[in-house]
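Remarks on the structure that follows.
Numbering (this note's numbering), first residue to last: 1 to 229.
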């Protein structure tokens, strides 16, 4: 499959998943509670990796922006510019964007499946616990699938490292800020700027990606193998 076809397919798939919960008020409420809890649960695992000033924003970008938190508006905007991207982006950049959208769709699908499994066992008014969360994860997915996504995330990180080296890319993104907002693409523009800024600040991108890969592997291994009490 070409990068352009992959980009279109996974953008459509991502927005199809968004429509599932956005069009169902009860499921939307459950999903919002779930993703908020999941982010609060995940961030402490990476706190030490973001302890230095150059890494803090990159850790947050990985754990939230790249893992399906509050991204429905961005993805809807993304769908509108896919035709332009497939015509204008150089092959390397298009490959990177297509890979990122593939990760996006897969994470969204897993998150929604976990959410549904979770609320089969508890009510919306019941507090989510680590035990109920881990149990839902194991019913909705598998460790091997999540580890595939860990490596896909690292691949995207390496792609971003190459893209931020494009001359004038930072100035170009800043120049696009106001036009993007006026055109209704503010959420997408914010995502692009955040990704650029967080990676551009890193002193050692490769070491950061290695550290994140090891930590994400440890976190998912714990979620899927730790005894549930």
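C-beta atoms are modelled at their ideal positions from N, C-alpha and C, and glycine is treated no differently. Keep in mind that this is a model prediction, so the values were computed, not measured.
- Contact check for residue 147 and residue 217: beta-carbon distance about 6 angstroms, within the 8 angstroms limit, so the pair qualifies.
- With distances taken between CA atoms, residue 79 lies nearest to 98 out of 110, 98, 62.
- When C-alpha distances from residue 142 are compared across 189, 35, 224, the shortest belongs to 224.
- For residue 212, the secondary structure class from DSSP, reduced to helix, strand or coil, is helix.
- Buried is the label assigned to residue 153, since at least 16 other Cβ atoms lie within 10 Å of its Cβ.
- Closest in C-alpha terms to residue 72, from the list 138, 47, 48, 28, comes 28.
- Distance from the CA atom of residue 149 to the CA atom of residue 107, rounded to whole angstroms, is 8 angstroms.
- In this chain, residue 50 is not harboured by any alpha helix (DSSP H), its DSSP state being neither H nor E.
- Two segments are said to touch when three or more pairs of C-beta atoms, one from each, lie closer than 8 angstroms; by this definition the region 29 to 36 touches the region 122 to 133.
- Between the region 17 to 24 and the region 109 to 122, the count of C-beta pairs closer than 8 angstroms reaches three or more; the two stretches touch.
- Residue 1 carries a coil assignment under DSSP once its states are collapsed to helix, strand and coil.
- In the DSSP annotation of this structure, the continuous segment of the alpha helix (DSSP H) that includes residue 110 starts and ends at 91 to 121.
- Judged by DSSP secondary structure, residue 156 falls within the alpha helix (DSSP H) whose first and last residues are 143 to 163.
- Between residue 211 and residue 43, the beta carbon gap of about 15 angstroms keeps them out of contact (Cβ cut-off 8 angstroms).
- Between residue 46 and the set 37, 38, 63, 129, the nearest pair of CA atoms involves 63.
- Its chain contains 136, 139, 140 as the residues whose beta carbon lies nearer than 6 angstroms to that of residue 117, once the 5 sequence neighbours on both sides are disregarded; these appear in chain order.
- Excluding five sequence positions before and after residue 91, the CB atoms of its chain that fall closer than 8 angstroms to its own CB belong to 3, given in chain order.
- Here DSSP, grouped into helix, strand and coil, assigns residue 23 to coil.
- Counting along the chain, residue 186 sits inside the alpha helix (DSSP H) bounded by residues 186 to 200.
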